[in-house]
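Comments concern the structure below.
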Amino acid sequence: MRILFIFFGAFCLLSCASNNNKSEETTDAVETTAMETEAVLHPGQQLIEGSDCQTCHHTKNTLVGPSYTAIATKYESSADTKTYLISKIKNGGSGVWGDTPMLAHPTLSDEDAGEMVNYIMTLKPKQ
Numbered sequence: 046m047r048i049l050f051i052f053f054g055a056f057c058l059l060s061c062a063s064n065n066n067k068s069e070e071t072t073d074a075v076e077t078t079a080m081e082t083e084a085v086l087h088p089g090q091q092l093i094e095g096s097d098c099q100t101c102h103h104t105k106n107t108l109v110g111p112s113y114t115a116i117a118t119k120y121e122s123s124a125d126t127k128t129y130l131i132s133k134i135k136n137g138g139s140g141v142w143g144d145t146p147m148l149a150h151p152t153l154s155d156e157d158a159g160e161m162v163n164y165i166m167t168l169k170p171k172q
């Protein structure tokens, strides 16, 4: 009987010790996955998410302004298009997608606006 109690006690201790390792491994896996996901974001997407763009625009749905997918579909991928869209982002305007004007973002650098355009153009549907 005494051996049975010793065996049972040892079993309980080993069971508790192995559960702690699994918890740490799971936490490490979750943290690694979160870091990998964050590292995968396009620089332009990060800039858009950190700005006021999402007040009027969405990736797939039309809100106040057109969706990013609609913009990517409307324009060809070229240097001229990129220059034009950078100008629209920085200077604002209306008439292209309706009467509601897009607010100007004059403090945004050309480089950052260009990264936003690069990201938007990656959303062009595959044909």
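The numbering used here runs 45 ahead of the 1-based position in the sequence shown. Quick reminder that beta carbons are idealized off the backbone N, C-alpha and C, glycines included. Note that the structure is a prediction, hence the values are computed from the model and not measured.
key: Status (buried if at least 16 other CB within 10 Å, exposed otherwise) for D157   = Numbered from its first residue, the sequence shown carries residue 157 at position 112. That one is buried.
task = Going by CA-CA distance only, name the one from K119, I93, D155 that's closest to S132.
result = Taking the sequence shown and counting its residues from 1, the one referred to as residue 132 is at position 87. Of K119, I93, D155, the residue nearest in Cα terms is D155.
query = So what's T107 in DSSP terms, helix, strand or just coil?
reply = If you number the sequence shown from 1, residue 107 lands on position 62. In this structure, T107 counts as strand in the three-state DSSP scheme.
task = Helix, strand or coil for G140, going by three-state DSSP, please let me know.
result = On the sequence shown, position 95 is the one that residue 140 refers to. Coil, per DSSP.
query = Mind checking whether P170 and T118 have CB atoms under 8 Å apart?
reply = Numbered from 1 along the sequence shown, position 125 holds the residue referred to as residue 170. Numbered from 1 along the sequence shown, position 73 holds the residue referred to as residue 118. Cβ atoms of P170 and T118: closer than 8 Å.
message = With a threshold of 8 Å between beta carbons, is D157 in contact with chain B?
response = Of the protein chains in the structure, only one exists, and it is not chain B.
key: Inter-residue spacing [alpha-carbon to alpha-carbon] between L86 and G159   = Translated into the one-based positions of the sequence shown, residue 86 becomes position 41. Translated into the one-based positions of the sequence shown, residue 159 becomes position 114. Cα to Cα, the separation comes out at about 16 Å.
query = Terminal residues of the continuous alpha helix (DSSP H) containing G95?
reply = Here the question's residue 95 lines up with position 50 in the sequence shown. Unbroken run through G95: none, as it is neither H nor E.
query = Can you check whether the CB of V162 is closer than 8 Å to the CB of L130?
reply = For the purposes of this step, residue 130 is identified with residue 85 of the sequence shown, where counting begins at 1. For the purposes of this step, residue 162 is identified with residue 117 of the sequence shown, where counting begins at 1. Result yes, Cβ atoms of L130 and V162 sit closer than 8 Å.
ask   = Does the beta-carbon of S122 have 16 or more other beta-carbons within 10 angstroms, so that it is buried, or is it exposed?
value = Taking the first residue of the sequence shown as position 1, residue 122 is located at position 77. So S122 counts as exposed.
task = Assign S68 to buried or exposed, taking buried as 16 or more other Cβ atoms, counted over all protein chains shown, within 10 Å of its Cβ.
result = On the sequence shown, residue 68 is found 23 positions in, with the first residue counted as 1. Here the model assigns S68 a pLDDT of 49, short of 50, so the residue's position is not dependable and the matter cannot be decided.
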